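Undergrad: Protein chains in written order, with the working numbering: chain A, 807 to 1287; chain B, 807 to 1287; chain C, 807 to 1287; chain D, 807 to 1287.
Let me give you the structure first, and then I'll get to my questions.
There are 4 protein chains.
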Amino acid sequence: MTARWRVHPGGGCGRLREECGVFGIWGHPHAVELTHVALYALQHRGQESAGIASVRDGHLRLHKGMGLVSEVFSEGVLRDMAGEAAIGHVRYSTFGASDPVNAQPLVVRYRRGMLGLAHNGNLVNAPQLRDELEGQGSIFQTTLDTEVIAHLIARRPTRELADAVAGSLAEVKGGYALVFLTSDTLIGARDPHGIRPLCLGRLDGSWLLASETCAFDAVGAEFVREVEPGEMVVVTRDGLVSQRAAPAGRPALCVFEYIYFARPDSDLDGLNVHSVRKQLGRVLARVRPVEADLVTGVPDSSVSAATGYAEEAGIAYEMGLVKNRYIGRTFIVPRQEGRALAVRLKLNPLRKVVEGRRVILVDDSIVRGTTSRYIVGLLREAGAREVHLRISSPPYRYPCYYGIDTSAHGELVAADKDVEEIRRLVGADTLAYLPLEGLAEALGRPLDRYCVACFTGDYLVPPPVPLHKFLFERGRVARGV
Amino acid sequence: MTARWRVHPGGGCGRLREECGVFGIWGHPHAVELTHVALYALQHRGQESAGIASVRDGHLRLHKGMGLVSEVFSEGVLRDMAGEAAIGHVRYSTFGASDPVNAQPLVVRYRRGMLGLAHNGNLVNAPQLRDELEGQGSIFQTTLDTEVIAHLIARRPTRELADAVAGSLAEVKGGYALVFLTSDTLIGARDPHGIRPLCLGRLDGSWLLASETCAFDAVGAEFVREVEPGEMVVVTRDGLVSQRAAPAGRPALCVFEYIYFARPDSDLDGLNVHSVRKQLGRVLARVRPVEADLVTGVPDSSVSAATGYAEEAGIAYEMGLVKNRYIGRTFIVPRQEGRALAVRLKLNPLRKVVEGRRVILVDDSIVRGTTSRYIVGLLREAGAREVHLRISSPPYRYPCYYGIDTSAHGELVAADKDVEEIRRLVGADTLAYLPLEGLAEALGRPLDRYCVACFTGDYLVPPPVPLHKFLFERGRVARGV
Amino acid sequence: MTARWRVHPGGGCGRLREECGVFGIWGHPHAVELTHVALYALQHRGQESAGIASVRDGHLRLHKGMGLVSEVFSEGVLRDMAGEAAIGHVRYSTFGASDPVNAQPLVVRYRRGMLGLAHNGNLVNAPQLRDELEGQGSIFQTTLDTEVIAHLIARRPTRELADAVAGSLAEVKGGYALVFLTSDTLIGARDPHGIRPLCLGRLDGSWLLASETCAFDAVGAEFVREVEPGEMVVVTRDGLVSQRAAPAGRPALCVFEYIYFARPDSDLDGLNVHSVRKQLGRVLARVRPVEADLVTGVPDSSVSAATGYAEEAGIAYEMGLVKNRYIGRTFIVPRQEGRALAVRLKLNPLRKVVEGRRVILVDDSIVRGTTSRYIVGLLREAGAREVHLRISSPPYRYPCYYGIDTSAHGELVAADKDVEEIRRLVGADTLAYLPLEGLAEALGRPLDRYCVACFTGDYLVPPPVPLHKFLFERGRVARGV
Amino acid sequence: MTARWRVHPGGGCGRLREECGVFGIWGHPHAVELTHVALYALQHRGQESAGIASVRDGHLRLHKGMGLVSEVFSEGVLRDMAGEAAIGHVRYSTFGASDPVNAQPLVVRYRRGMLGLAHNGNLVNAPQLRDELEGQGSIFQTTLDTEVIAHLIARRPTRELADAVAGSLAEVKGGYALVFLTSDTLIGARDPHGIRPLCLGRLDGSWLLASETCAFDAVGAEFVREVEPGEMVVVTRDGLVSQRAAPAGRPALCVFEYIYFARPDSDLDGLNVHSVRKQLGRVLARVRPVEADLVTGVPDSSVSAATGYAEEAGIAYEMGLVKNRYIGRTFIVPRQEGRALAVRLKLNPLRKVVEGRRVILVDDSIVRGTTSRYIVGLLREAGAREVHLRISSPPYRYPCYYGIDTSAHGELVAADKDVEEIRRLVGADTLAYLPLEGLAEALGRPLDRYCVACFTGDYLVPPPVPLHKFLFERGRVARGV
């Protein structure tokens, strides 16, 4: 164990880690197979665990496990689970120990029968709700916010599931996209601000729900529309009914879905993610220009922004760094010099490309600064004459309480350092961030349509300081995902 | 799946399947390692799943999984779990699908912190309790009776765990041996009649609990005494306190523990299991004699009784059947003639030993009769001139509601057939059972000290007919283990 | 790795380790499935690796791997390998590192096409042949004697496989049972003295070869006869032809097959193994009597002899030791006191049975004495008043060069210690071995019909002292199996 | 098996499959750990199997297995293998059955001791050599050309390994990069034309050999020079000696290493691979221009060429297709519509990017045309108005006999179809290949410095027609890799 070092598959260490992906489908003979395919398409949203709950003949089945979709599901399992409706979930990967009990979906038996739940997001009032519930004699078997929601639903006296769900969602606060499955109903729900994304699709007459549209592409389904902030869609054999789960707040999709999380081929809120990223690069090139010989991006997430920067600046885009695609979640490193080798193995600079050249390095964000410092160092070692770091988002200053892993926030470098200090830390010749106005320009829309709390600290759903403290005191690292 | 055939490791198909084994230890630096060793010793009580919950620095850890102890635990896991207290559990193996969610121990968070539970037995009023709890808004994530008990404990308003446990046990009915673990307490409890066994041991100043004494032998601990029917022992850093959990009923240890379930090297209620079995064979030889050339037993469980029979009858004991020890839980069988091959592979008669001879075949019980018919057939095929089947227990006529798998009861052959009919079914030349009086004689004690409801139908804890129906209607095959 | 301790599944540590099991079948539509079943029946002859080579449409397929038959073969593999002829092999388990490259069968391409070989035994002149072959430019990819034989066959100029095999066998010396498979022929061959066993069977018109008859029982085949010493049986679509591979020497089956290796339900040379063992016990009781309260055997191999002893002596046979059947090949042991725990876990004495009693403990052999000392100690700890050790074979004094693992011979305790010295070493009150004459009496045949070199040092095939030295200098621990 | 569908990790199905990667290191305390790291860096050259042979204390150890480097090696294995010298190998992945016996390195014992070999390439005269060797009594256990070389070396009478290797290489014909390891020597050798690449590096005073320079970058080693065509470098404790293994032919590096196989961050023959690819795109844009709205490349291999094209053409480069990085080697596909789903899942077009636009799709080659047709179809489905396919190499017309998998050659679409026919087949609006002169221009060097036989049919080492026939008749699909 000690000689192993967890390498985050989605980037270097110190990157932001989201989150989860959810999927649901109702009324399709291949519901489970399609959910399985969809989870492959959503795998970038979580590599720690995967699971599917399905319905056949009025009975819920569940299979989930630690690891990638390809590791968790076998042909036999898929065959055993076959049914006409299903929900699926992928969960993010962490560096530390992760608990199998926290894999989703969660399936519970309660007074109305069986209920499956899968959740992306984070509830800011989960600890209080949990304390209240425990005070009333509830037991918890996971550390998931999802389980809190299950308890709330079970305690609602109403006979109608939809009413119980709606009533329960009225009690919770935060960012969430939820899918629910019972023997006769599929429900999708999104938080009042729509912080976490959730889309509605259609295939062969059946309804689908997914965190991102790329899941619809994967199964050949048609994108219909996004689930609205605060909306709840209830799908039964009688079709789809929309109802309000919570008074709609101001819409505020997490802007980091565009910047980093979502797949480039997904469309969110009418905009293609790759195109937005490229536009971020273009705007960045206009407002934060610098003379150089080439532009390069940190693969894979920053390539779109880097090509945008290159085009706008009229400077050649080059592949300055190559990413090794064969490094799994754990990598056995030689002693001592091990870590350096490990990272060099993951990202390799192209000496012939960067040697003696002035390089503009585009990245999407800086969290702790360690990864950036490392990459700048790599380029310098490979002979780059100058390294100009350009970040396609504003400084990430404030922790997220709505679904992004808070464990990485301990040392948000921009929380207490200015740009010049960060530049020195990462060792770049120049460093510039995209200003907030640039973000708006690239999106082509005013920022009040998005949640930008991580840049501004203006939280839509107030996370009282004590709560934050509370979270850490309780050692709740892996909450609410 | 279709070409695989589950072979029950503990015997042929159609055998009774218990049950579970529990273990607990408090205040030993190697608590987890010792629990691991103890579970190996208790493995005969359950091969489906295994698990350990441990305490270190006031925090509960849990590891469990499907399969044998040797498959579920690795060195790394044991190291990660190391602590000063632990409980462990093994669960029986079933033929059909088995659900990982039902592995034990169960660990829950509730108002008093974290609580681990492991359970052997069955609660007859679990369905009603479950309905009541669901009606009050509880959610269930397993089909275990153990989870019912966890809910009851969590709902008790008292601050004291021991009071909460005692109060909860007052609400449940049935047969059970339970171990509980929190950050500061280990509790063991046994049902009012002591139907399921639970022993108390001591090692290096620490207290231990185990379903059978063979677990104490395995870890080098000293057997102290049995936990009394209705007793609850509470172990903390201040030592052990005994308290009554329920008014003691008439003691009634499950007599099948002697006949079939327990390991021959375990002592139960002051009697060694092998010695009782041998005595059963001796009495059987006296009261149900027959002329023959040799005596043989069905390996492994009936060998003790068979040697007793042989000695008493003055007829040579021979190894008439050899059991293949390398057949795992699943065995890939050739098509068509497959099943016959599979069973022949598992049990092989010694032609040279039985050919032309009159054979007394001793077995411990007949459940459905299919296994017996098969074994008698094997001996005849191998040339046995006569086969006299002797059963070292009375006819098994009534289903068990206190912890023995009810799924095998569907076709209790003795429920509606007399001995002669069964003899014809299994194809023996003669068939005789041990009479009830013989059972008492072999034990050297009156039968009212034991639960013999499976022979007499006199249930100590009444399972109302509707309940039984209820159980099956709810499709609760694998309850309460 | 360091904290793991290999527990030998076939017995305690320090036991003899044989050997291998071979099987062959020609002309059956389920040849591969039947070979798979047969390997289960032969698994006691080797648990380290397993393999099958099959023929379909004139092409040889091979699947082999480390581990038990149940671990190496899956349904899919068996399906892929389906064919009309096959050979199979199981290899013994060792304590130390074992090399996957040494799994059998060996399949080679050579001038006549493809050839599969599987081997039980050991060639005393393999090192010389290997040196000669290397001197002629041969390369070796394994340390198997089997590969030496393959080279010899390939170098024979004759077109006929049977001639090439016969010619090659004329060059090798030692003990062996061999099966060969090509696209059109199955060959079985046995060394000139018939040291290693090989039997001929018949099923549905097809011919079968197996190390022991229990493999025929497992597949439902009929035993026809043993392959004669020095005989070679050649099976093609035209039927079976017997030919002489080497001038027949004096027949000399390894007597340890009866004493320890073979399965009790196998018949060897017309005698049932269990019956011989029981007879060994009877004779032992007559010639080495002692007063005692009970007789017990070391499970599983000594149970037959122990019951024989008990019957002859008129003393009750009791189960004095119980073997835990769930301990796999590796067992994770707690630090420090670990080893003691591990062995106690594997064999548990029944205190109630042995306490205060005079115990006759029957075992089949003493190799290094450590296991015996340990078991005697277990019984004393459990309260036995006296422990009289009776060995159902003469003192094992000389290493075997014909197929029994030589690595255990380093410390043959009887090589330089007399019975009284060994008694003191193992801590028994009395110790007695079966004399050589007793062995003959139990078998009912003169000893010159068997290889008893391990007792007498009279080697049929002379192992020159330098050879033995040579073997160890080359570090060839796991040769020729 | 039937419901599984192998998805080639390096691209769609129908892509060219190379080959292998080799690595060697001599005289470094972390030789095995570094080899392990290097194999990660070379993993793109082969995903079917991986292996390492190492030397410690004069003894060779070997570990190899099927699967990725991350699957084959564990921490324990690496620790057990630790040594001061090592060679490593990765082997390509195939669609069909693959044989574990063909994993490399090969380690043999022969008259001079032990010898390890690892090989990238293909020998055109291997079948004849194999026949000759078999005629002389040799046996073969693999279908590897590597084994032929081992036999040749073993049969050389000379005492000196280097002489034996040199003498053996004089007998073989084809393309190869070889590394050899004995207890005291590391040898690297390259075929007379240098068709397959092999580089020499240095780290902490030790010498290294690798197929590509990216392996040196991964371990932090310095690139020294390429091994020359026909050169053999012999490394012992006395240092490195270069000697001629074969008369140098005209240097002729496989041009496909630049076009498709090598990693973009590797330098070959002084040129960076990414830079060459980008230049191929630039030249292609000049000589085969077309009006369009955007340029896109097939990820990952064609992205460099596509950005080159875009820059030269002054047309925006867009991410038109996103590749799912989480699809492993096998992917479980829903029935029926399965295949379509599977491929759509692997490559997803960005509708918002391509809809209504004229797209230039750049790919590196067309083998069978099925992948191209599929991708063109994807873009059209996503709404592309026009799709102009541009191939950054000349038409691939002739099979390769020097190390590229011949199994894909069955239907080389350009073998008998002209460009217009292929255009119709793939469904593009226009199709253009890079002309041969363009290839030269992009490389900046005359083509006679490269092997371009796959474009021209001018084979440097003549593969007589009968040989080719011979290969297929023998069913030798996976030869010599």
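Where a beta carbon is used, it is the ideal one built from N, C-alpha and C, also for glycine.
If you're wondering where the values come from, they're calculated on a predicted model, not measured in any experiment.
Check each residue of the region 1049-1079 of chain B: if its Cβ is closer than 7 Å to any Cβ of chain C, include it; give the result in chain order.
TA: R1069, P1070, D1071, D1073, N1078
Undergrad: What is the DSSP secondary structure of F1067/D, counted as helix, strand or coil?
TA: helix
Undergrad: Please report how far the alpha carbon of S880/A lies from the alpha carbon of G873/C, in whole angstroms.
TA: 23 Å
Undergrad: Could you give the residue range of the beta strand (DSSP E) that holds S1012/B?
TA: 1012-1016
Undergrad: Could you tell me whether the Cβ of A847/C comes closer than 8 Å to any Cβ of chain B?
TA: Any Cβ of chain B closer than 8 Å to the Cβ of A847/C would place that residue at the interface, and such an atom is present.
Undergrad: Whose C-beta lies closer than 6 Å to the C-beta of D997/C among residues of the same chain, with five residues either side of it excluded?
TA: G981, Y982
Undergrad: May I ask you to list, following chain order, the residues of the region 1009-1037 of chain C that have a beta carbon less than 7 Å from some beta carbon of chain B?
TA: C1020, D1023, A1024, V1025, G1026
Undergrad: At the 8 Å Cβ level, is Q947/A part of the contact set with chain B, yes or no?
TA: yes
Undergrad: Does the distance from the CB of A924/C to the CB of G833/C come in under 8 Å?
TA: no
Undergrad: Can you list, in chain order, the residues of its chain whose CB lies under 7 Å from that of Q1085/A, leaving out five sequence neighbours each side?
TA: G1114, A1248
Undergrad: Run through DSSP, which three-state label would Y1256/A get?
TA: Strand at Y1256/A.
Undergrad: From this set, I1210/C, E877/C, H836/C, which residue's C-alpha is nearest S860/C's C-alpha?
TA: H836/C
Undergrad: According to DSSP, is Q853/A part of a helix, a strand, or is it coil?
TA: coil
Undergrad: According to DSSP, is R965/D helix, strand or coil?
TA: Assigned with DSSP and collapsed to three states, R965/D falls in coil, not helix or strand.
Undergrad: In whole angstroms, what separates the C-alpha of V1030/D from that of E839/D?
TA: Straight-line Cα distance between these residues: approximately 21 Å.
Undergrad: Below 8 Å between beta carbons is the criterion; list the residues of the region 1156-1179 of chain D that meet it against any residue of chain A, in chain order.
TA: L1156, R1157, K1158, V1159
Undergrad: Step through the CB atoms of chain D and report whether any lies within less than 8 Å of the CB of M1300/A.
TA: In the structure as shown, chain A starts at 807 and stops at 1287, and residue 1300/A therefore has no counterpart that could be examined.
Undergrad: Give the residues from the region 823-843 of chain C that approach chain D closer than 7 Å (Cβ to any Cβ), ordered along the chain.
TA: none
Undergrad: Along the chain, where does the beta strand (DSSP E) containing V1030/C start, and where does it finish?
TA: 1028-1032
Undergrad: Starting from T1113/A, find everything on chain D with Cβ-Cβ shorter than 7 Å and list it in chain order.
TA: Y1123
Undergrad: For G882/D, count neighbouring Cβ atoms within 10 angstroms of its own Cβ and tell me buried if that reaches 16, exposed if not.
TA: exposed
Undergrad: Buried or exposed: which applies to P1155/C, given that a residue is buried once 16 or more other Cβ atoms fall within 10 Å of its Cβ?
TA: buried
Undergrad: Just to confirm my understanding: we take L939/A, look at its own chain, exclude 5 residues before and 5 after, and list those with CB closer than 6 Å. What are they?
TA: H957
Undergrad: Count Cβ pairs between the region 1102-1116 of chain D and the region 1152-1170 of chain D that sit closer than 8 Å; are there 3 or more?
TA: yes
Undergrad: What are the complete alpha helix (DSSP H) segments, minimum 4 residues, inside the region 928-1015 of chain C?
TA: 932-941, 951-961, 967-975
Undergrad: In chain B, what lies closer than 9 Å to Y916/A by C-beta?
TA: E940, G943, S944, I945, F946
Undergrad: Taking Cβ positions only, does E1117/A come closer than 8 Å to chain D?
TA: yes
Undergrad: Q1049/C lies in the beta strand (DSSP E); which residues open and close that run?
TA: 1045-1050
Undergrad: Taking the beta carbon of E1097/C as the centre, do at least 16 other beta carbons fall within 10 Å, making it buried, or is it exposed?
TA: exposed
Undergrad: Exposed or buried, which one is T1262/D when buried takes at least 16 other CB atoms within 10 Å?
TA: exposed
Undergrad: Can you tell me whether A903/C is helix, strand or coil according to DSSP?
TA: A caution first: A903/C carries a pLDDT of 42, below 50, which makes its placement in the model unreliable, though a value can still be read off. Coil, per DSSP.
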